[in-house]
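K.L.:
Before I ask anything, here is the structure I am working with.
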Amino acid sequence: MRRYIREIENLSIRDYLTGLYNLRGFQQSLRQKIRTSSRIHLFLLDMVSFSEFNAYMGREAGDQLLRQIAAGLQEKMPANSLLSRYDGDKFAVAILGERQGPVVEEETIRRLIHQVVMAAGPRHHRLRYCIGMASYPQDGKSWQELINVAERRLTQEQRSLSYRLEAARNRRERLSTIGQLAAGLAHEIRNPLTSVRGFVQLASEQAEEMRRWKDVILPEIDRIDALLSRLLEIADHQSQRPQLVSVNQVVYETLELMQSEAVMRGCQLKGILPERPIYAWLERRQIQQVLVQLIQNGLAAVEDQPEPCVEVTLDEQDEMVILTIRDNGAVPAEGGIPFMTQDMFALMDHGGLKTDPYWFGLPLIQQIVSEHGGELYFQSQPLWGNEVSLFLPKEGESERESNAVARKADDGIQ
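Here the sequence shown stands for residues 784 to 1197, where the numbers follow our numbering.
Below, the structure written as structure tokens:
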């Protein structure tokens, strides 16, 4: 009879779907553990995009996602952790530090939680989440205070994410407007441009004096036509399905493609690539398009330098691929841009940059990087030139690479 009662009591504090503590069970356990622990890190994990995932994939897939997250937390978290399906699409993780030993560091736990969420979600559907964190005894002397602080910080993170998503939507709308304007301008200019080209060719055949100017006028018309083609790329841009690619190979092919133009301009174009291949889920053509545009901008910036140089660097940090394009050219504004910024539209208002050729094509670049879930940063200084950095997530990287990162994180627990 007692055994039966204990089983009933245990079921009453467990979540039926995941087997983790429910809210009541978690609060009871936390109240007990806070008496014997020297330090506690409490993490509240909110799967912000779960309702969207549930509507898109179906309830059964949503339940499976929650089970996978729960299983991942059980596998990754330290053995003495308290785990809970806190409320619907929220989870709680309490990392305990016994009086005889240290508690696992906050950054290690955040990295592990990120790995769990990324591994649980399908590769074609990026999951968004927020974390609210509080520490005992710094943030609260009781379990209630600890939970209140964590929930308050979670709310702040949710609000911050909401602002970022709204900013991204506004940016996409502005980029869409730019695309529509670009399409209209390109077509309106290209039609009379074709007539001008035909007239120049016809006139050069009939008048000796016009032949001298043919070789000057036609290349300029071709240059305008090329600019119009790039404007149409902004208008016609559409996302393609990402594939697992070697970023090293994409950079290498782009450098090979641009090498002849660099030689023609008398510029040194070099790449600094790691020996170890870096894999990421990207749309190869779009990322190559971004690199080509940024290299062309760099080549244009170094034209008047005594030793012109454009350098492309590939690196990685945790779950991110980092591509950096540097040049030693003239900065695109008086005094440069001595700060790292990713607000392209505010940046283009700085010092009349809207009319500077260095920034041509940046709306399309920003759109491509944003659709890959990445970030774009700019910086320039008169002494050393310009630098553009792309941070792109590796999301969906091969299992071998994921396991290597997981082993590295596990080492931090031991």
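Every residue gets a Cβ at the ideal spot worked out from N, C-alpha and C, and that includes glycine. Source: prediction; values computed, not measured.
Using the three-state DSSP reduction, which class does residue 1012 fall into: helix, strand or coil?
P.N.:
Your numbering for residue 1012 matches position 229 in the sequence shown. If DSSP states are grouped into helix, strand and coil, residue 1012 belongs with the helices.
K.L.:
Do residue 840 and residue 827 have their beta-carbon atoms positioned less than 9 angstroms apart in this structure?
P.N.:
Position 44 of the sequence shown holds residue 827. Position 57 of the sequence shown holds residue 840. Going by beta carbons, residue 827 and residue 840 fall outside the 9 angstroms limit.
K.L.:
So is residue 945 buried or exposed if we call it buried at 16+ other beta carbons inside 10 Å?
P.N.:
Here residue 945 refers to the residue found at position 162 when the sequence shown is read from its first residue. With fewer than 16 Cβ atoms within 10 Å of its Cβ, residue 945 is classed as exposed.
K.L.:
Which term fits residue 939, buried or exposed, when burial requires 16 or more other beta carbons within 10 angstroms of its beta carbon?
P.N.:
Counting from one through the sequence shown, the residue named residue 939 turns up at place 156. Classification of residue 939: exposed, given that the 10 Å Cβ count is below 16.
K.L.:
Does DSSP classify residue 873 as helix, strand or coil?
P.N.:
Reading the sequence shown from its first residue, position 90 is the one you call residue 873. Three-state DSSP puts residue 873 in a strand.
K.L.:
Is residue 916 buried or exposed, if buried means 16 or more other CB atoms sit within 10 Å of its CB?
P.N.:
Within the sequence shown, residue 916 is the residue found at index 133, counting from 1. Buried, by the Cβ-count rule.
K.L.:
Specify, as a first and last residue, the run of the alpha helix (DSSP H) that residue 1146 falls within.
P.N.:
Along the sequence shown, one-based indexing puts residue 1146 at 363. DSSP places residue 1146 inside the alpha helix (DSSP H), whose first and last residues are 1145-1154.
K.L.:
Contact defined as beta carbons within less than 8 angstroms: I believe residue 895 pairs with residue 853. What is the distance between those atoms, to the nearest angstrom?
P.N.:
The count along the sequence shown starts at 1 and reaches residue 895 at position 112. The count along the sequence shown starts at 1 and reaches residue 853 at position 70. Rounded, the Cβ-Cβ distance is 14 angstroms, inconsistent with contact.
K.L.:
In the structure shown, what three-state DSSP assignment does residue 1086 receive?
P.N.:
By one-based count along the sequence shown, residue 1086 stands at place 303. Coil.
K.L.:
Say whether the region 998-1010 touches the region 1029-1048, bearing in mind that this needs 3 or more beta-carbon pairs closer than 8 angstroms, one atom from each stretch.
P.N.:
With a cut-off of 8 angstroms, the region 1029-1048 and the region 998-1010 do not count as touching, because too few Cβ pairs lie within range.
K.L.:
Who are the near neighbours of residue 856 in its chain, counting only those whose CB is closer than 6 angstroms to its CB and skipping five residues on each side?
P.N.:
By 1-based counting over the sequence shown, the position of residue 856 is 73. These residues qualify, in order along the chain: 866, 899.
K.L.:
Between which two residues does the alpha helix (DSSP H) harbouring residue 1046 extend?
P.N.:
In the sequence shown, counting from the first residue as 1, residue 1046 sits at position 263. Taken as a continuous stretch (DSSP letters only), the alpha helix (DSSP H) holding residue 1046 covers 1030-1047.
K.L.:
Give the secondary structure of residue 868 by DSSP, where H, G and I count as helix, E and B as strand, and everything else as coil.
P.N.:
The residue labelled residue 868 in the question sits at position 85 within the sequence shown. In this structure, DSSP gives residue 868 an extended state, which the three-state scheme calls strand.
K.L.:
Count the other CB atoms within 10 Å of the CB of residue 994; is the residue buried (16 or more) or exposed (fewer)?
P.N.:
Residue mapping note: residue 994 aligns to position 211 of the sequence shown, counting from 1. Burial call: exposed.
K.L.:
Between which residues of its own chain and residue 816 is the CB-CB distance below 8 angstroms, once the five residues before and five after are set aside?
P.N.:
Numbered from its first residue, the sequence shown carries residue 816 at position 33. Closer than 8 angstroms at the Cβ level, and outside the excluded window around residue 816, lie 823, 865, 877, 879.
K.L.:
Taking the alpha carbon of residue 957 as the point to measure from, which residue in 1097, 1162, 1149 has its own alpha carbon closest?
P.N.:
Here the question's residue 957 lines up with position 174 in the sequence shown. Closest option to residue 957, Cα to Cα, is 1149.
K.L.:
Under 8 angstroms Cβ to Cβ from residue 935, same chain only, skipping five residues before and after it: list those, please.
P.N.:
The residue given as residue 935 occupies position 152 in the sequence shown. Here the set comprises 915.
K.L.:
Counting C-beta neighbours from all protein chains within 10 Å, is the total for residue 970 16 or more, i.e. buried, or is it exposed?
P.N.:
What you label residue 970 is simply residue 187 of the sequence shown in a count that begins at 1. That one is exposed.
K.L.:
Over what stretch of residues does the beta strand (DSSP E) that includes residue 896 continue unbroken?
P.N.:
On the sequence shown, residue 896 is found 113 positions in, with the first residue counted as 1. DSSP places residue 896 in no beta strand (DSSP E) but in the uninterrupted alpha helix (DSSP H) bounded by 889-903.
K.L.:
Please classify residue 1163 as buried or exposed, where buried requires at least 16 neighbouring CB atoms within 10 angstroms.
P.N.:
Working through the sequence shown from its first residue, we reach residue 1163 at position 380. It is buried - the Cβ of residue 1163 has at least 16 other Cβ atoms within 10 Å.
K.L.:
Can you name the residues that DSSP bridges to residue 1063?
P.N.:
Walking along the sequence shown from the start, residue 1063 turns up at place 280. According to DSSP, which records beta bridges pairwise, residue 1063 is partnered with 1028.
K.L.:
Determine the DSSP secondary structure at residue 1100, reduced to helix, strand or coil.
P.N.:
Residue 1100 sits at position 317 when you count from the first residue of the sequence shown. Residue 1100: strand per DSSP, three-state reduction.
K.L.:
For residue 838 and residue 872, what's the separation of their Cα atoms in angstroms?
P.N.:
Within the sequence shown, residue 838 is the residue found at index 55, counting from 1. Within the sequence shown, residue 872 is the residue found at index 89, counting from 1. Straight-line Cα distance between these residues: approximately 14 angstroms.
K.L.:
What do you reckon, are the CB atoms on residue 1079 and residue 1112 nearer than 9 angstroms?
P.N.:
Taking the first residue of the sequence shown as position 1, residue 1079 is located at position 296. Taking the first residue of the sequence shown as position 1, residue 1112 is located at position 329. No; because the gap between Cβ atoms is not below 9 angstroms, this pair is not in contact.
K.L.:
Taking Cβ positions, are residue 1158 and residue 1174 nearer each other than 9 angstroms?
P.N.:
Taking the first residue of the sequence shown as 1, we reach residue 1158 at position 375. Taking the first residue of the sequence shown as 1, we reach residue 1174 at position 391. Yes, the Cβ-Cβ distance between residue 1158 and residue 1174 is below 9 angstroms.
K.L.:
Whose C-beta lies closer than 6 angstroms to the C-beta of residue 1098 among residues of the same chain, with five residues either side of it excluded?
P.N.:
Counted from its first residue, the sequence shown places residue 1098 at position 315. 1105, listed in sequence order.
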